[in-house]
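Trainee: Sharing a structure below in structure tokens format, with a few things to ask.
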Amino acid sequence: MEPRACVLLLLLCAALCTAQIEMMDCCLSVADKRLRPDNVEQYRLQRAGHGCDISATVIQVKGKQLCLPPPEHHRWIRRLLKIVDQKKSRQ
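Here it is in structure tokens:
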């Protein structure tokens, strides 16, 4: 292979490696399971259209992720997140 082609191939490989999109860890469905705030280690909000198909509240409990409905759908989830936030601000 001629040197120019090798350099071009190398540049193409480098561009593809740096342009890889990080895989999103998305909830595919949600469960309406009530949790105690003491058990929640952390949470994040997943929004539909930002790499995921559905909106959800992703809760981490004992190292496992649980997918709950988004906070705007249930008052008990809003309360749960508020308690978790207050608990973290005290630490």
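The sequence shown lines up with residues -19 to -1, 1 to 72 when you count with mature numbering (1 follows the signal peptide of the UniProt record, and there is no 0).
The beta carbon of each residue, even a glycine, is placed where N, CA and C say it ideally should be.
Remember, predicted model here, so these are calculated numbers, not experimental data.
Of the residues P(-17), L(-9), K14, K69, which one's Cα is nearest the Cα of Q46?
Mentor: When only C-alpha atoms are compared, the closest one is K14.
Trainee: I need the boundaries of the beta strand (DSSP E) containing K45, first residue and last residue.
Mentor: Per DSSP, K45 belongs to the beta strand (DSSP E) from 45 to 49.
Trainee: Could you tell me whether the Cβ atoms of residue 79 and C33 are closer together than 7 Å?
Mentor: Any property of residue 79 remains undetermined from this structure, which presents the chain solely from -19 to 72.
Trainee: Leaving aside the five residues before and after Y24 along the sequence, list all residues of the same chain whose C-beta is less than 8 Å from its C-beta, in chain order.
Mentor: Answer for Y24: T38, V39, I40, Q41, L62, V65, listed in chain order.
Trainee: Return helix, strand or coil for E3, following the three-state DSSP convention.
Mentor: The predicted model places E3 with a pLDDT of 49, which falls under 50 and marks its position as unreliable; any figure quoted below should be read in that light. DSSP places E3 in coil when its eight states are reduced to three.
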